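Here is the structure we will look at, set down as structure tokens.
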Amino acid sequence: MLGKIAEDNAVKKMKFCNSPASHSVTVSHSVTEKVPAQSFALTRWISMKIRFSWFAQCYAFASVFLGTGSLLLAQSPMMIATGWDSPTPSRFHSELAAFEALNVFDGTTISPTRTLSNGRTVPCRNAFVDEPWQWDDFQAELADLLAATPSTATENFVFLYANPGDVDWFDDAAWENVTEHWRLLARLAKQGNLRGILFDAEPYHPPHSQFRYTAQPNAGEYSFEEFVAQSRKRGQQVMRAVTEEYPDITIMSYRLFCDMIPTVQTGDLEQSIQTHTYGLLPGFLDGWLDVAPDTISICEGDEDAYRFNSEAEFNHAYTSIKLQAPRYLSPENQAIFRQIFTVGHGLYLDAHVNPPESSWYIDRDGSTSAGRLRANASAALAASDGYVWLYGERARWWPGGKQTDPTWEEKMPGAIQALRLARDPVGVATERLGSIERDANLLANGDMKNGAVEGLPAQWWAWQEETSHGKFAHQPSQATANGVLSGVLGQTLDVQPGECYLASTQVRSSGNGFACLTIGWKSAEGKWLHRSPHQRFGPTVDNGPGGSHPSDWATAVGWIQVPEDAGQLVFMLSVSGQLSEQDEAAFRDCLLVKQPN
């Protein structure tokens with residue numbers, strides 16, 4: 139490990155921490171071919187031990203299926219905009235209202251400037267340069283940030299680039315300047331009410347490359363091990379300065395470890411990173427961790443995800459980075475690293491609109507550019523506990539960007555709605571529900587008005603676990619379930635991979651038990667799919683001025699896309715945890731309507 143080749147000059151930190159809480163809002167599990175709803179087993183077991191109140195059962199559902207101990211779920215991953223049109227502090231102030239009106243992003247990156255004593259405004263994102271900066275030069279920028287009052291776009295970061303990247307690691311005077319640059323930008327972020335700094339380690343000024351050992355002019359004078367030790371020392375300097383100004387800062391990044399992860403496969407980690415573009419970066423980060431308080435957050439941005447075009451790729455990257463990144467750090471820093479480290483992903487917008495001959499091209503896979511953006515943004519958010527960032531070059535989100543460039547909505551029609559769907563599919567589905575034409579409903583007897591067949595609504599089938607002896611029945615315009623420990627009332631429909639649907643039902647419950655809408659998947663041959671997760675949508679009670687009660691009718695609604703290996707969609711009205719015939723769940727107004735993908 140790199141810690142063995144770095145000087146052991148860190149104070150050991152004995153910290154115990156929990157693994158990051160799950161931020162996924164889609165509940166999923168594998169199913170067996172025999173049992174379509176076996177996931178209720180644990181809830182049923184709990185229900186058999188304790189007679190839950192309605193709220194206690196909701197608590198159990200959240201704990202079992204969402205991995206939390208509270209109905210207040212962990213905060214979802216954030217999505218921010220970045221790229222060539224990132225605003226200066228002045229533009230951030232003047233254009234913030236228009237940006238927030240998009241109703242898409244949680245924040246943005248800000249390109250910092252300084253206003254010199256002669257009145258000239260100069261960019262200062264390139265912080266790895268041997269020149270002095272003064273805090274007085276940031277007063278106009280600070281005023282702009284303070285004048286901006288974001289209401290929804292609150293996750294904002296000031297750029298800090300490791301460029302031009304020609305600073306001698308062994309030059310103490312030069313590193314005093316670099317450290318001061320970090321300090322001043324951290325101060326600007328803190329006093330300007332920003333979330334923190336976005337650190338970009340990529341070299342943009344060849345032949346300089348701050349973190350490549352072989353690019354250092356004095357590489358022949360010092361060994362790689364000596365450079366690692368020196369980079370660790372500089373990392374300590376920088377982090378001390380940053381946390382003195384902003385003790386609970388978030389340091390976002392485009393990349394930290396993602397480019398290096400493949401070197402693990404070489405079998406010789408130390409040797410393989412000596413010539414790597416970011417070979418000195420782990421030492422620099424080790425220095426951060428030597429002195430960092432556990433109040434800060436560090437997010438790996440995973441720029442390597444630019445070409446990802448499937449859920450599997452995002453999931454694999456998240457797992458690989460989480461598991462392998464600690465191998466690049468000293469043992470004494472791995473505990474705090476796991477405590478404060480999160481993983482996000484970068485989406486390259488231009489790749490979604492570029493022609494097929496481009497080296498940066500995302501295959502539309504039978505969909506549209508906006509459709510693939512929605513799918514990839516959704517997959518990235520589901521495989522992140524940090525920030526998902528959308529990087530663009532040839533178009534803009536901000537009205538004051540390069541005026542010859544189109545907006546992203548013009549460049550990629552449907553992009554805004556696609557991103558809204560990725561962020562909040564249930565919210566968008568709820569908005570659309572009111573305008574749905576009931577004639578488009580694909581469910582047979584979805585309104586439950588047709589008479590009963592063997593006690594059930596016509597066109598519906600029922601299933602219960604062997605230990606469940608409850609009853610499903612048809613009532614006027616609704617179906618009921620009484621005393622069901624674990625069971626479903628359902629319909630099966632033929633679908634095609636990639637298709638999108640809006641699914642909903644109204645639910646009313648009394649007594650013990652939990653009822654929700656579940657969507658399951660089968661192959662075209664009718665076999666349950668183990669790799670494609672069930673999706674569950676719980677009822678939402680409208681707490682209006684008059685209040686509400688668990689026995690009121692509530693709507694369960696969701697937006698779903700057919701997995702690539704599915705040929706049948708199973709629409710299930712699911713019930714669990716009912717202990718007696720007096721416990722009842724009722725369903726009505728069931729809808730399944732195809733949507734554009």
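When the letters of the sequence shown are read in order and numbered with the working numbering, they come out as residues 139 to 735.
C-beta atoms are modelled at their ideal positions from N, C-alpha and C, and glycine is treated no differently.
It should be emphasised that the depicted structure is a prediction, and the values quoted were computed from it without experimental measurement.
Counting every other CB atom within 10 Å of its CB across the protein chains shown gives Lys540 a total below 16, marking it as exposed. Annotated as distal: Gly504 and Trp426, with beta-carbon spacing of 8 Å or more. Using a C-beta cut-off of 8 Å, the stretch 260-274 makes no contact with the stretch 228-235, since fewer than three inter-stretch Cβ pairs fall below that distance. A Cβ-Cβ separation of about 15 Å leaves Leu631 out of contact with Gln699 under the 8 Å criterion. Straight across, the Cα-Cα distance linking Ala692 with Trp599 is about 23 Å. Residue pairing by DSSP puts Arg646 in a beta bridge opposite Ala724.
Nearest to Asp432 by C-alpha distance, out of His668, Lys549, Phe475 and Pro344, is Phe475.
Shown here, Gly608 sits in coil according to DSSP, grouped into three states, outside any helix or strand. Nearest in C-alpha terms to Ser507, of all of Ser522, Tyr486 and Val633, is Tyr486. Secondary structure in the stretch 226-294: the beta strand (DSSP E) runs of 3 residues or longer, each lying completely within the stretch, are 245-248, 251-253, 259-261 and 264-266 in chain order.
Distance from the Cα of Ala455 is smallest, within the candidate group Trp222, Pro270, Ile434 and Gly484, for Gly484. Fewer than three pairs of CB atoms, one per stretch, sit closer than 8 Å, so the stretch 277-295 makes no contact with the stretch 344-351.
Under DSSP, the beta-bridge partners assigned to Pro595 are Ala590. Phe675 has its alpha-carbon roughly 20 Å from the corresponding atom of Ser573. In the displayed model, Lys540 falls within coil according to three-state DSSP, outside both helix and strand. His343: not part of any beta strand (DSSP E); DSSP gives it neither H nor E. The beta carbon of Thr480 is closer than 6 Å to those of Cys437, Asp523 and Gly524 in its chain, skipping five residues each way along the sequence. A Cβ-Cβ distance of about 23 Å is found for the pair Phe297 and Ser255, leaving them out of contact under the 8 Å criterion. Leaving aside the five residues that flank Glu441 on each side, the residues in its chain whose CB is nearer than 7 Å to its CB run, in chain order, Tyr392, Arg393, Cys396 and Gly484.
In the assembly as shown, Gly565 is an exposed residue. Its beta-carbon has fewer than 16 other beta-carbons within 10 Å. In the DSSP assignment, Asp424 falls within the unbroken alpha helix (DSSP H) covering Leu419 to Val429. Taking the C-beta atoms as reference points, Trp313 is found nearer than 8 Å to Gln375.
Between Thr568 and Val695 the beta-carbon gap is near 5 Å, inside 8 Å, which marks them as a contact. The secondary-structure analysis by DSSP pairs Cys638 across a beta bridge with Gln699 and Gln733. Judged by DSSP secondary structure, Phe479 falls outside any alpha helix (DSSP H) and instead within the beta strand (DSSP E) spanning Phe479 to Val481.
Between the C-alpha atoms of Gly538 and Ala582 there is a straight-line separation of about 51 Å. The beta carbons of Gln368 and Trp307 sit closer together than 8 Å. At least 8 Å separates the beta-carbon of Thr545 from that of Arg558. Rounded to whole angstroms, the gap between the alpha carbons of His414 and Asn650 is 60 Å.
In the DSSP assignment, Arg325 falls within the alpha helix (DSSP H) that extends over Asp310 to Gln329.
No residue range can be given for Thr678, since it is assigned to no beta strand (DSSP E) and is classified by DSSP as neither H nor E.
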